[in-house]
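This report refers to the structure that appears directly beneath it.
In our numbering, the protein residues as written are 32 to 401.
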């Protein structure tokens with residue numbers, strides 16, 4: 032509902048004069064209010080992903096660049112690329128690779144095989160596995176659902192949870208049947224330890240455009256999305272991301288999370304998303320180029336070269352940063368180079384987001400008083 036990455040992609044391409052179409056669940060998302068969205072397409076009922084995308088392609092009337100904004104979409108597009116390529120411009124991706132990277136169990140196996148540092152990870156099938164992992168890792172530890180896109184709505188399960196008490200383990204075990212639950216050793220890190228990498232890779236798995244960012248704040252704290260980030264040079268993060276992409280032959284947009292362990296002097300790879308990261312607009316250079324525009328230019332055969340990196344640039348997500356930092360977030364929101372929602376040339380998404388957030392908060396307060 033409040034996916035600011037979707038809005039960032041719409042605005043980025045729309046401001047560049049590209050006709051932007053959005054295929055969204057039901058059209059009520061704040062991003063669907065953007066003035067830069069030429070048309071909103073809702074998912075047709077009783078039609079599979081390929082059928083739905085074909086229908087949209089028919090309405091557009093010509094081949095379009097197709098960008099997936101969540102893991103399930105990236106997996107579906109890659110695995111059905113041969114069927115979709117007559118209608119859309121797509122990277123020449125190995126069909127099974129996005130699923131391998133998005134599935135946290137498969138990612139752990141891949142990293143182990145490639146020699147890429149990742150916190151020790153265990154598959155939890157029941158109470159015995161959980162007890163052993165807690166004894167070995169201690170608390171807190173990190174719990175991850177290996178295929179978060181398969182979690183049914185309404186259960187209140189987060190993709191990633193920082194587990195600090197045994198009762199949290201008990202709650203997770205209630206839902207483990209038929210699902211891959213992972214426990215991962217918690218990397219304590221320290222100040223300025225959380226980093227992320229976003230990049231766009233060409234047909235040779237070479238980066239055309241990328242950047243490393245430091246996660247100054249996150250929601251939820253310690254295991255959540257970036258609410259305030261800063262673009263900074265980090266050769267270790269950039270090198271590891273480039274090596275991973277080259278070894279697996281990755282093509283397209285890639286988003287990777289890292290945590291630095293000062294005691295071990297190691298950057299541990301925490302997560303890898305085979306699609307656009309929500310905070311991608313942080314990596315916007317002085318000429319307005321970002322990952323979405325880089326992808327569009329390359330896939331349409333118009334790529335030339337990138338400009339200098341805008342190191343030091345900051346990006347804030349208003350609604351989540353206020354939850355995370357409270358009044359301290361106000362200064363960051365006033366000074367950030369870009370806000371996720373508020374934009375003078377496109378105010379309606381911010382108004383919709385603020386209105387829907389207020390309704391949610393009031394509804395929760397009402398429920399808590401009953």
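Beta carbons are placed, not taken as given, at the ideal position from N, Cα and C, and that holds for glycine.
Given the structure is predicted, the values throughout are model-derived calculations rather than measurements.
Beta strand (DSSP E) segment containing residue i, residue limits
i	result
residue 215	212–216
residue 93	Where residue 93 is concerned, there is no enclosing beta strand (DSSP E), given that its DSSP letter is neither H nor E.
residue 66	Unbroken run through residue 66: none, as it is neither H nor E.
residue 402	Absent from the model: residue 402. The displayed extent of the chain is 32 to 401, so no value can be given.
Cβ separation of residue i and residue j, assumed to be a contact under 8 Å, to the nearest whole Å
i	j	result
residue 337	residue 240	5 Å
residue 245	residue 356	Actually they are not in contact, since the Cβ atoms of residue 245 and residue 356 sit about 15 Å apart, beyond 8 Å.
residue 254	residue 193	5 Å
residue 227	residue 286	7 Å
residue 128	residue 109	7 Å
residue 53	residue 63	6 Å
residue 264	residue 105	27 Å between Cβ atoms; not a contact.
residue 35	residue 372	6 Å
residue 299	residue 174	Incorrect: roughly 16 Å between the Cβ atoms, too far for contact.
residue 103	residue 180	4 Å
residue 61	residue 387	7 Å
First through last residue of the alpha helix (DSSP H) which encompasses residue i
i	result
residue 135	135–145
residue 38	35–46
residue 100	That residue, residue 100, is in no alpha helix (DSSP H); it is neither H nor E in DSSP.
residue 387	379–400
residue 373	Note, residue 373: premise wrong, no alpha helix (DSSP H); not H, not E.
residue 365	359–366
Residues sharing a beta bridge with residue i, DSSP
i	result
residue 256	250
residue 119	95
residue 273	According to DSSP, which records beta bridges pairwise, residue 273 is partnered with nothing at all.
residue 155	212
residue 241	230
residue 261	245 and 345
residue 73	55
Contiguous alpha helix (DSSP H) assignments of at least 4 residues, all confined to the region 280–350
Listed in chain order, they are 322–330.
Three or more C-beta pairs under 8 Å: does that hold for the region 342–359 against the region 142–150?
No, the region 342–359 does not touch the region 142–150.
Suppose only complete runs of 4+ residues qualify. What are the alpha helix (DSSP H) ranges in the region 165–237, listed by chain order?
The qualifying runs are 197–204.
Does the region 198–213 come into contact with the region 152–167, if we say contact requires no fewer than three beta-carbon pairs (one atom in each stretch) closer than 8 Å?
Taking 8 Å as the limit for Cβ pairs, the verdict is that the region 152–167 does touch the region 198–213.
Can we say the region 157–164 touches the region 82–95, given the rule of at least three CB pairs closer than 8 Å?
With the cut-off at 8 Å, the region 157–164 and the region 82–95 do not touch.
Pairing CB atoms from the region 220–231 with CB atoms from the region 316–327, are three or more of them under 8 Å?
Touching, per the Cβ criterion.
Do three or more CB pairs link the region 279–293 to the region 188–207 at distances below 8 Å?
Contact between the region 279–293 and the region 188–207 is absent: fewer than 3 CB-CB pairs across the two stretches fall below 8 Å.
For the region 357–365 against the region 378–397, are there 3 or more C-beta pairs whose distance is under 8 Å?
Short answer: they don't touch.
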